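Numbering (our numbering), first residue to last: 92 to 149.
Spelled out as structure tokens, the structure:
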């Protein structure tokens, strides 16, 4: 049975390959960077609020 990790590698490589063939490698790398940076920023802000580093919004 396929795991979500295997599915992400398979589908992601196909989609990013199509993206790079249509727009070029520079745009594909930009999209890949945003795929990593945006969830990391969301996680950081949510985790920082849960640990008390950032104050709760009122």
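Glycine included, C-beta positions come from ideal geometry on N, C-alpha and C.
Since the structure is predicted, the reported quantities are computational estimates derived from the model, not experimental observations.
Where the alpha helix (DSSP H) through residue i begins and ends
i	result
residue 115	Looking at the DSSP string, residue 115 is not in any alpha helix (DSSP H), and its letter there is neither H nor E.
Whole-number beta carbon distance between residue j and residue i, since they are thought to touch under 8 Å
i	j	result
residue 125	residue 119	Incorrect: roughly 11 Å between the Cβ atoms, too far for contact.
residue 123	residue 107	7 Å
Residue i - DSSP class collapsed to helix/strand/coil
i	result
residue 94	coil
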